[in-house]
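Engineer: Protein chains in written order, with our numbering: chain A, 1 to 146; chain B, 1001 to 1146.
Number of protein chains: 2
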Amino acid sequence: MTRYTHILAAIDVTEEAEAVLMRAKQAADDHGAKLSVVTIVRPLTQAYTGIEVAGLAAAAMNFEGEARASVEKSLGELCTKFGVDDADRHVQFGVPATEIKQTAEQLGADLIVMGSHGKHGLGLLLGSTANAVLHGAKSDVLTIRV
Amino acid sequence: MTRYTHILAAIDVTEEAEAVLMRAKQAADDHGAKLSVVTIVRPLTQAYTGIEVAGLAAAAMNFEGEARASVEKSLGELCTKFGVDDADRHVQFGVPATEIKQTAEQLGADLIVMGSHGKHGLGLLLGSTANAVLHGAKSDVLTIRV
């Protein structure tokens, strides 16, 4: 019988994240699988490439640093609640679907668990992420209707 | 803890179907859930609406009847293999994603299991079906990478 051995919960840091992580944790317990968590921050600097405005890049980097710190804090609280070790928490910068798929491959995850309609917002997973992850994911994908 | 109570396996009748149904059956056993199966046949007549060619509609209906019989036979063999009762086997005509979502709602299924890249072909689920099901499905969706 096929059992999952490594489950990757891909979450944003909205109120939907806890529901997704809870279900991923349950699946991991059911399957005796390792549980990792990834959340993605979209880099502001990518959007401004090529625009020469004094101070903009620095401001963007500051913003990203703050965004990352904020995300790591929220992620940390959630992960602690569900018993996910520090080493199994991942914050990536980039396009959410791409980073989720790459992280899953790097970790050797055989199931990605994510919400099916992530809230829109700066630095958060976009609503179309679940669809984009389906394209080219090398693992199974469980989308949770929150 | 959240447990699924009714799982709907949405399959085509290609070689991928057996793998998807096997995984759906396993999930149903794990969760103590009821298992239903649906497969969709795309109606030829929809594509020809408005075209006035003598005999075409009749020919298309013949084709559909044969397609349905063929699909029901293949589905029957698969379902028997996995212990799915006659009453829990569903063949629908229409747009696959729409019919899958409707069937799930009518049955009260809380998880849809399907392949993530169905083969292309007449009367079979299309490759983009998994994406389309995600849009508007009222249940969780597990896509299996076959």
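All residues carry an ideal CB built from backbone N, CA and C; glycine is no exception.
Is it the case that the Cβ atoms of A:His90 and A:Thr98 are separated by a distance below 8 angstroms?
Structural biologist: No, the Cβ-Cβ distance between A:His90 and A:Thr98 is not below 8 angstroms.
Engineer: Got a sec: is the Cβ-Cβ distance from A:Asp86 to anything in chain B below 8 angstroms?
Structural biologist: Output row for A:Asp86: interface = no.
Engineer: Quick one, are the C-beta atoms of B:Val1013 and B:Leu1075 less than 8 angstroms apart?
Structural biologist: A contact, by the Cβ cut-off of 8 angstroms.
Engineer: Mind checking B:Glu1016: buried by the 16 CB within 10 Å criterion, or exposed?
Structural biologist: Classification of B:Glu1016: buried, given that the 10 Å Cβ count is 16 or more.
Engineer: Cβ closer than 8 angstroms: which chain B residues qualify as neighbours of A:Lys138?
Structural biologist: What A:Lys138 touches in chain B: Arg1145.
Engineer: Please report the residue range of the alpha helix (DSSP H) in which B:Ile1100 lies.
Structural biologist: Start and end: Pro1096 to Leu1107.
Engineer: Taking DSSP's pairing of strands, which residues face A:Val41 in a bridge?
Structural biologist: Bridge partners of A:Val41: A:Phe93.
Engineer: Spell out the partners DSSP gives B:Lys1034 in its beta bridges.
Structural biologist: B:His1006.
Engineer: Could you tell me whether the region 1075-1087 of chain B touches the region 1032-1042 of chain B, where touching means 3 or more Cβ pairs closer than 8 angstroms?
Structural biologist: Taking 8 angstroms as the limit for Cβ pairs, the verdict is that the region 1032-1042 of chain B does touch the region 1075-1087 of chain B.
Engineer: Roughly how many whole angstroms lie between the Cα atoms of B:Ala1069 and B:Leu1021?
Structural biologist: Rounded to whole angstroms, B:Ala1069 to B:Leu1021 spans 20 angstroms at the Cα level.
Engineer: How would you write the range of the beta strand (DSSP E) that A:Thr143 sits in, first residue to last?
Structural biologist: Taken as a continuous stretch (DSSP letters only), the beta strand (DSSP E) holding A:Thr143 covers Asp140 to Ile144.
Engineer: In terms of residues, what are the limits of the beta strand (DSSP E) holding A:Val113?
Structural biologist: A:Val113 -> beta strand (DSSP E) spans Leu111 to Gly115.
Engineer: Less than 8 angstroms between the beta carbons of B:Ala1087 and B:His1006, yes or no?
Structural biologist: No, they are not a contact pair.
Engineer: Quick one: residues in its chain with C-beta nearer than 7 angstroms to the C-beta of B:Val1084, no 5 flanking neighbours on either side, listed in chain order?
Structural biologist: Only Leu1035 and Val1037 meet the Cβ criterion.
Engineer: Name the residue from A:Phe93, A:Ala9 and A:Glu64 whose alpha carbon lies nearest to the alpha carbon of A:Ala26.
Structural biologist: Per the sequence shown, residue 26 of chain A should be read as Gln rather than Ala. When only C-alpha atoms are compared, the closest one is A:Ala9.
Engineer: For A:Ala28, decide whether its Cβ has a neighbour in chain B, counting only Cβ atoms nearer than 8 angstroms.
Structural biologist: So no, A:Ala28 is outside the interface.
Engineer: What is the DSSP secondary structure of B:Ser1070, reduced to helix, strand or coil?
Structural biologist: Residue state, collapsed to three classes: helix.
Engineer: Starting from A:Ala130, find everything on chain B with Cβ-Cβ shorter than 7 angstroms and list it in chain order.
Structural biologist: Simply Leu1134.
Engineer: Check A:Ala137 in the structure and name its three-state DSSP category.
Structural biologist: Three-state result, A:Ala137: coil.
Engineer: When the Cα atoms are used, what is the spatial distance from B:Ala1067 to B:Met1061?
Structural biologist: Their Cα atoms are separated by approximately 10 angstroms.
Engineer: Distance cutoff 8 angstroms, beta carbons only. Does A:Val13 sit that close to anything in chain B?
Structural biologist: Chain B, which has no Cβ nearer than 8 angstroms to the Cβ of A:Val13, makes this no.
Engineer: Considering only residues of the same chain and omitting the five flanking positions on each side of A:Gly136, which have a CB-CB separation below 8 angstroms?
Structural biologist: Contacts found: Lys101.
Engineer: So for B:Glu1016, helix, strand or coil by DSSP?
Structural biologist: Correct three-state label for B:Glu1016: helix.
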